[in-house]
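Contents: one structure, followed by commentary.
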Amino acid sequence: IAGKLNVSDRSAEFVRYTDVADGKMADEMAARVVDASGTPTRREEGDIVGNYETSLPPKFESIEHFITGFEEYIEAVAQEADDRAHKRIRTVKDYQQLRRGTTSGKAIFALIEFGLDLPEEVLDHPTVVRMTEAALEICGITNDMHSYRLEHARGLDGHNIITSIIHEHRLNLQIYVDGLGNWVRGNDCWCYESKRYYGDGGEIVRQTGIITLKGGTG
Numbered sequence: 027i028a029g030k031l032n033v034s035d036r037s038a039e040f041v042r043y044t045d046v047a048d049g050k051m052a053d054e055m056a057a058r059v060v061d062a063s064g065t066p067t068r069r070e071e072g073d074i075v076g077n078y079e080t081s082l083p084p085k086f087e088s089i090e091h092f093i094t095g096f097e098e099y100i101e102a103v104a105q106e107a108d109d110r111a112h113k114r115i116r117t118v119k120d121y122q123q124l125r126r127g128t129t130s131g132k133a134i135f136a137l138i139e140f141g142l143d144l145p146e147e148v149l150d151h152p153t154v155v156r157m158t159e160a161a162l163e164i165c166g167i168t169n170d171m172h173s174y175r176l177e178h179a180r181g182l183d184g185h186n187i188i189t190s191i192i193h194e195h196r197l198n199l200q201i202y203v204d205g206l207g208n209w210v211r212g213n214d215c216w217c218y219e220s221k222r223y224y225g226d227g228g229e230i231v232r233q234t235g236i237i238t239l240k241g242g243t244g
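Numbered per my numbering, the sequence shown finishes at 244, counting up by one with no gaps.
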């Protein structure tokens with residue numbers, strides 16, 4: 027958890043820089059950070075690259091996955107800055123592909139591997155790849171829903187699934203946002219009320235947040 031929070035903090039720090047950078051500047055910053063991730067060197071105190079160097083995890087077997095995921099994140103954020111500079115709004119499909127990178131999720135997921143010694147053929151299995159991509163997209167969509175109001179106020183909402191959907195399908199924003207809220211709320215209510223998961227005890231589980239486990243093989 028500490029590793030995830032540390033990477034997330036550094037990722038957020040990098041985004042704060044690139045939010046006000048054009049495509050060229052973001053590319054230069056990305057190149058410096060990527061270089062530091064592979065060959066750390068001492069920088070001036072307060073330099074964002076120097077900050078990243080001190081936050082890199084120790085050398086485990088899965089460090090290459092971390093570095094690859096982190097580099098993908100940095101390059102994706104640079105691409106986001108270039109899109110913003112050129113006022114480019116991506117299609118939903120293209121946006122989701124880029125968003126997998128800007129979540130920094132692959133770098134964070136690599137932290138889960140530390141100490142597990144998972145063989146490459148397991149991580150490259152189509153099912154595992156699909157699960158990983160689905161997790162990345164869920165993280166990205168969830169964050170977009172929470173961050174849209176702030177990004178819209180700052181004029182940074184070009185990189186957001188809501189913007190892509192509205193732009194591609196010409197939707198009314200309020201109708202779409204209301205629809206999202208209704209769907210999320212309705213799905214949550216259904217889980218308690220349908221009796222599929224909790225039988226007749228759904229309302230008790232909703233009120234207490236406590237479930238009683240039965241049976242099982244473990």
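Virtual Cβ for every residue (Gly too), placed ideally from N, Cα, C.
CB contact flag (residue i, residue j, <8 Å)
i, j, result
"Gly95", "Arg125", "no"
"Val210", "Tyr218", "no"
"Phe92", "Leu137", "yes"
"Gly131", "Ala161", "yes"
"Tyr174", "Ile191", "no"
"Glu229", "Thr117", "no"
"Glu159", "Ser88", "no"
Coarse secondary structure for residue i, derived from DSSP in three states
i, result
"His185", "coil"
"Thr129", "coil"
"Arg223", "The question names Arg, yet the displayed sequence has Tyr at residue 223. Three-state DSSP puts Tyr223 in coil, outside helix and strand."
"Leu142", "coil"
"Arg110", "helix"
"Leu204", "Correcting the residue type first, residue 204 is Asp in the shown sequence and not Leu. Helix at Asp204."
"Asn213", "helix"
"Lys240", "coil"
"Leu176", "helix"
"Glu151", "Per the sequence shown, the amino acid found at residue 151 is His instead of Glu. In this structure, His151 counts as coil in the three-state DSSP scheme."
"Thr117", "coil"
"Gly95", "helix"
"Lys88", "Looking at the sequence provided, one finds Ser at residue 88 rather than Lys. Reduced to three states, the DSSP call for Ser88 is coil."
"Arg156", "helix"
"Gly235", "coil"
"Leu124", "helix"
"Leu197", "coil"
"Asp73", "Confidence at Asp73 is low in this model, with a pLDDT of 49, below 50, so its placement is unreliable and the value that follows should be read with caution. Residue state, collapsed to three classes: coil."
Heavy atom of the ligand NAD within 7 Å of residue i beta-carbon
i, result
"Asp109", "The model on display carries no ligand, and the ligand NAD is accordingly not part of it."
Neighbour-count burial assignment, residue i, 16 or more Cβ in a 10 Å radius
i, result
"Gly127", "buried"
"Lys119", "exposed"
"Asp170", "buried"
"Glu147", "exposed"
"Thr129", "buried"
"Ala246", "No answer is possible for residue 246: the residues shown for the chain start at 27 and end at 244."
"Tyr223", "exposed"
"Glu97", "buried"
"Ser220", "exposed"
"Ile134", "buried"
"His189", "Residue identity check: residue 189 is Thr in the sequence provided, not His. Flag for Thr189 reads buried."
"Arg110", "buried"
"Ile164", "exposed"
"Ile100", "buried"
CB contact check: residue i to chain B, cutoff 8 Å
i, result
"Gly212", "No chain B is present in this structure, which holds just one protein chain."
Practice task
Examine the Cβ distances between the stretch 106 to 122 and the stretch 177 to 191 and report whether three or more of them are shorter than 8 Å.
Solution key: yes
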